[in-house]
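S.K.: Here it is: the structure, laid out below.
2 protein chains.
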Amino acid sequence: MLFITYRKECDLAQHYHLRGRFWIESPQGTFLGQGRVLLLERVQELGSISAAARSMKMSYRQAWGLISQMNSHSPEPLVLSSTGGQGGGGAQLTHVGKRAIQLYHEVLIDFEAFLSQRAQTLKL
Amino acid sequence: MLFITYRKECDLAQHYHLRGRFWIESPQGTFLGQGRVLLLERVQELGSISAAARSMKMSYRQAWGLISQMNSHSPEPLVLSSTGGQGGGGAQLTHVGKRAIQLYHEVLIDFEAFLSQRAQTLKL
DNA sequence: TTGGGTTATTCCTTTTTAAGCATAACGCTA
DNA sequence: TAGCGTTATGCTTAAAAAGGAATAACCCAA
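These protein sequences, in sequence, are chains W and G.
Counting from 27, one number per residue, gives the positions in the first sequence under this note's numbering.
Counting from 27, one number per residue, gives the positions in the second sequence under this note's numbering.
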């Protein structure tokens with residue numbers, strides 16, 4: 027008897043994962059991404075850039091740079107900050123900043139739905 | 027008369043772009059991504075890892091590392107290589123490697139369609 | 001047997017990136 | 001007025017990633 031061997035189809039969904047990322051770019055570079063949005067959320071929650079950075083184990087330097095970029099790449103700032111006073115100062119989101127978070131999450135839901143749906147038919 | 031000023035809605039689609047990437051992960055890390063698939067295509071086209079690397083302005087070292095990873099993270103290799111002989115040796119894709127390219131492009135088409143469609147309703 | 005071009009692999013250097021440090025200004029509180 | 005915690009910014013240092021150089025093995029062709 028003759029056996030014809032052929033490769034068994036490999037179901038990628040079992041052992042492999044389809045992953046992805048998305049971000050919004052301005053003409054000057056990245057405007058909104060996963061890290062930036064998380065940072066915005068922490069600022070909104072904690073009322074301070076430095077506290078937000080600490081909570082993410084990110085250096086204040088980087089956090090400030092990201093926020094500075096976002097503000098400058100937008101016609102209106104996403105974060106307003108004040109120095110001195112009770113607590114030393116702080117920062118809060120503008121309604122544009124809050125809307126940016128909301129917008130990102132709206133896209134994120136669709137994005138994840140797309141990935142998980144598309145992953146089901148991955149046969150290598 | 028009283029004017030109530032409100033922020034004009036900013037159409038992100040005009041000045042900003044929704045971008046993204048996707049890749050297939052094995053339990054050990056990235057398995058297939060944009061760069062790896064391009065490398066596979068060049069190997070298929072040129073019949074050599076070093077030629078493929080040159081054509082992408084990638085170092086042979088990195089190209090070899092990527093291919094080595096892909097092969098080891100797959101139950102069957104994607105690239106077969108031989109040393110010595112006419113032309114010094116070479117490499118060619120297995121049918122698993124060819125299928126990987128095809129699979130990636132199938133997902134890519136859907137992915138780009140998703141992004142461009144989703145970008146149309148971006149209002150900040 | 002020598003040369004050529006490739007695969008395969010290690011080691012070291014360079015570049016890029018991120019983290020850390022230092023300092024000044026601010027404005028409330030005690 | 002002194003102190004505190006924050007914002008804001010430049011400069012220095014460390015970590016990580018990419019790049020390049022070097023070497024051995026391979027096998028056909030001349």
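Beta carbons: idealized from backbone N, C-alpha and C, even for Gly.
Indicate the three-state DSSP secondary structure (helix, strand or coil) for glutamine 118(G) in the structure shown.
M.R.: It is a strand residue.
S.K.: Can you give the Cα-Cα distance for glycine 115(W) and serine 74(W), rounded to whole angstroms?
M.R.: Roughly 8 Å between the two C-alpha positions.
S.K.: Restricting to runs no shorter than 3 residues, where is the beta strand (DSSP E) found entirely within the stretch 27-112 of chain G?
M.R.: The stretch 27-112 of chain G contains these whole beta strand (DSSP E) runs: 43-52, 55-58 and 105-109.
S.K.: Apply the 10 Å Cβ neighbour rule to leucine 150(G) and answer buried if 16 or more other Cβ atoms are within range, or exposed otherwise.
M.R.: Classification for leucine 150(G): buried.
S.K.: Can you list, in chain order, the residues of its chain whose CB lies under 7 Å from that of arginine 6(W), leaving out five sequence neighbours each side?
M.R.: Outside the displayed span of chain W (27 to 150) sits residue 6(W), for which this structure offers no information.
S.K.: Assuming glutamate 132(W) contacts histidine 43(G) (C-beta within less than 8 Å), just tell me the rounded distance between them.
M.R.: That belief does not hold up - the Cβ atoms of glutamate 132(W) and histidine 43(G) are roughly 17 Å apart, past 8 Å.
S.K.: For tyrosine 42(W) and chain G, any beta-carbon pair shorter than 7 Å?
M.R.: Taking Cβ atoms only, chain G reaches closer than 7 Å to tyrosine 42(W), which makes this a yes.
S.K.: Name the chain G residues that come within less than 9 Å of glycine 46(W), Cβ to Cβ?
M.R.: The contacting residues are Gly46, Arg47, Phe48, Trp49 and Phe137.
S.K.: Can you check whether the C-beta of tyrosine 130(G) is within less than 7 Å of a C-beta belonging to chain W?
M.R.: Judged by the 7 Å Cβ criterion, tyrosine 130(G) is not in contact with chain W.
S.K.: Against arginine 125(G), what residues of chain W qualify as contacts under a CB-to-CB distance less than 7 Å, listed in chain order?
M.R.: Within chain W, the residues near arginine 125(G) are Leu150.
S.K.: If we cut at 7 Å on Cβ distances, does serine 52(W) have a partner in chain G?
M.R.: With 7 Å as the cut-off, serine 52(W) counts as an interface residue toward chain G.
S.K.: What separation, rounded to the nearest whole angstrom, lies between the Cα atoms of glutamine 88(G) and arginine 87(W)?
M.R.: Going from the Cα of glutamine 88(G) to the Cα of arginine 87(W) covers about 32 Å.
S.K.: Would arginine 144(W) count as contacting chain G if we go by Cβ distances under 7 Å?
M.R.: Yes - at least one Cβ of chain G is within 7 Å of the one on arginine 144(W).
S.K.: For valine 69(W), which residues of its own chain have a beta-carbon under 7 Å away from its beta-carbon, when the five flanking residues on both sides are left out?
M.R.: The residues are Ile75, Ala78, Val105, Ala117 and Leu119.
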